[in-house]
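Right, one structure below, let's go through it.
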Amino acid sequence: MNRPKHQQQYDPKIAGLYDLGDTLGRGHFAVVKLARHVFTGEQVAVKVIDKTKLDDVSRAHLFQEVRCMKLVQHPNVVRLYEVIDTQTKLYLVLEYGDGGDMYDYIMKHDRGVSEQAARKYFRQIVHAIWYCHKLHVVHRDLKPENVVFFEKLEMVKLTDFGFSNKFCPGQKLETSCGSLAYSAPEILLGDSYDAPKVDVWSLGVILYMLVCGHAPFQEANDSETLTMIMDCKYTIPPHVSDDCKRQGLFLYMFTTNMHKCVLHLSHTLETLFTCEIDYQYCTPSCKEVQASHSLAFNFL
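Under the working numbering, the sequence shown has 83 at position 2, and the numbering climbs by one with no breaks.
In structure tokens, the structure reads:
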């Protein structure tokens with residue numbers, strides 16, 4: 082019997098090292114499979130790319146994804162363990178997050194998660210992006226679907242660097258990429274843009290969703306959503322605390338002023354380690370950064 086077109090036959094064992102299992106997700110040229118290491122029993126996520134379907138642009142994105150993930154070694158970034166190259170397929174063996182993604186987590190909370198939980202998880206995402214930018218890596222596809230939970234570690238980690246790239250400070254990028262509801266205006270307009278700025282805008286969308294329970298710029302159709310983004314029109318629900326509103330966090334993150342934007346990311350990071358928070362949720366590297374920073378900036 083012929084297999085349906087959307088199904089493909091994958092080698093049940095990769096290089097004799099990993100047994101492939103259930104499908105976790107699908108993309109245009111790739112499928113993500115749950116796998117287990119033959120000798121250690123460790124569960125991993127394997128991104129299987131069909132090289133025969135890649136065009137030049139897709140190959141370039143794939144090269145950048147591997148390059149950037151190898152470069153960014155951080156506790157809050159999903160680790161790329163190894164790359165296995167065969168004649169027709171490329172296998173990216175990744176750290177597996179067993180707790181699902183942040184989008185599903187948010188959708189379970191109609192009025193947003195508690196501000197304590199939002200602070201806990203957003204702090205970790207900001208720290209990961211700050212580290213990426215320090216290495217001159219821009220993600221360009223930040224959204225809750227690309228943040229995964231590691232329940233045993235009580236952590237979240239950033240994943241999917243498919244649109245990531247290296248950038249030179251002061252030089253603008255031009256590639257339009259990402260997802261509409263999370264993208265900065267300059268990307269949607271097709272303008273050249275400062276790399277860190279577009280990530281900070283997307284961080285603002287993630288934070289808004291955490292505390293409000295829905296996206297700030299989301300209408301019935303793409304045209305209306307685009308208009309909202311261009312006009313930066315959003316409202317903060319009444320259930321959000323006055324303390325959170327007073328910080329003006331969204332005002333700084335949803336800005337086209339690059340200087341304010343980068344300053345805000347730096348200040349946000351610093352405040353995450355100087356305000357009164359529960360440090361049991363900090364990763365070891367977070368605590369090291371906390372020890373070296375003294376400038377406080379209000380957060381949530």
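All C-beta atoms, glycine included, are put in the ideal place defined by N, C-alpha and C.
Since the structure is predicted, the reported quantities are computational estimates derived from the model, not experimental observations.
Cut-off 6 Å between Cβ atoms - residues of its own chain near residue i, not counting five sequence neighbours on either side
{"i": "Arg192", "result": "Gly294 and His320"}
{"i": "His155", "result": "Ala209 and Tyr212"}
{"i": "Thr267", "result": "This sequence places Glu at residue 267; Thr is not what is there. Excluding positions up to five away in sequence, the list reads Tyr274."}
{"i": "Ala434", "result": "Nothing about residue 434 can be read from this structure; the chain reaches only from 82 to 381."}
{"i": "Val343", "result": "Note on Val343: pLDDT 49, under 50, position unreliable in the model; no value is reported."}
{"i": "Val194", "result": "Leu291"}
Extent of the continuous alpha helix (DSSP H) to which residue i belongs
{"i": "Glu267", "result": "Pro266 to Leu270"}
{"i": "Gln124", "result": "Run containing Gln124: none in the alpha helix (DSSP H); it sits in the beta strand (DSSP E), Gln124 to Asp131."}
{"i": "Leu291", "result": "Ala276 to Cys293"}
{"i": "Tyr184", "result": "Met183 to Met188"}
{"i": "Arg148", "result": "Asp137 to Leu152"}
Pair within 8 Å by beta-carbon distance, residue i and residue j
{"i": "Glu300", "j": "Met309", "result": "yes"}
{"i": "Val153", "j": "Tyr212", "result": "yes"}
{"i": "Phe242", "j": "Met183", "result": "no"}
{"i": "Gly102", "j": "Arg117", "result": "yes"}
{"i": "Tyr186", "j": "Phe248", "result": "no"}
{"i": "Leu161", "j": "Leu171", "result": "no"}
{"i": "Gln205", "j": "Val237", "result": "yes"}
{"i": "Pro225", "j": "Ile287", "result": "yes"}
{"i": "Gly259", "j": "Asp222", "result": "yes"}
{"i": "Val279", "j": "Ala265", "result": "yes"}
Exposed unless 16 or more other CB atoms sit within 10 angstroms - verdict on residue i
{"i": "Gly97", "result": "exposed"}
{"i": "Lys114", "result": "buried"}
{"i": "Thr240", "result": "buried"}
{"i": "Glu146", "result": "buried"}
{"i": "Pro318", "result": "exposed"}
{"i": "Leu234", "result": "exposed"}
{"i": "Tyr360", "result": "In this prediction, Tyr360 has a pLDDT of 35, which is less than 50 and means its spatial position is unreliable; what the coordinates show is noted afterwards. Under this definition Tyr360 is an exposed residue."}
{"i": "His109", "result": "exposed"}
{"i": "Asn302", "result": "exposed"}
Element boundaries [beta strand (DSSP E), containing residue i]
{"i": "Lys170", "result": "Lys170 to Glu176"}
{"i": "Arg204", "result": "Run containing Arg204: none in the beta strand (DSSP E); it sits in the alpha helix (DSSP H), Glu196 to Lys215."}
{"i": "Thr104", "result": "Tyr99 to Arg107"}
{"i": "Asp312", "result": "First-last for Asp312: Asp303 to Asp312, but that is the alpha helix (DSSP H), not the beta strand (DSSP E)."}
{"i": "Val164", "result": "Leu161 to Asp166"}
{"i": "Val321", "result": "From DSSP, Val321 is part of no beta strand (DSSP E); its letter is neither H nor E."}
{"i": "Arg117", "result": "Ala111 to His118"}
Close beta carbons around residue i, own chain, < 7 Å, minus the five adjacent residues each side
{"i": "Leu216", "result": "Leu152 and Val153"}
{"i": "Phe335", "result": "Trp282, Gly285 and Cys313"}
{"i": "Lys132", "result": "Thr169, Lys170 and Leu171"}
{"i": "Phe298", "result": "Ala262, Thr306, Met309, Ile310 and Tyr315"}
{"i": "Ser245", "result": "Gln145, Glu146, Cys149, Val218, Val219, His220 and Arg221"}
{"i": "Ser257", "result": "Ile268 and Gly271"}
Own chain, CB closer than 8 Å to residue i, minus 5 neighbours either side, in chain order
{"i": "His190", "result": "Gly294"}
{"i": "Glu369", "result": "With a pLDDT of only 39 at Glu369, under the threshold of 50, the placement of this residue in the model should not be trusted, and no figure is reported."}
{"i": "Val73", "result": "Because the chain here runs from 82 to 381, residue 73 falls outside it and cannot be looked at."}
C-beta neighbour in chain C for residue i, strict 8 Å
{"i": "Met290", "result": "As a matter of chain content, chain C is missing from the structure shown, which is built from one protein chain."}
(request) Just list the beta strand (DSSP E) runs in the stretch 223 to 270, keeping only unbroken ones of 3 residues or longer that don't cross its boundaries, in chain order. (result) Unbroken beta strand (DSSP E) stretches of 3 residues or longer found wholly inside the stretch 223 to 270: 228 to 231 and 236 to 239, given in chain order.
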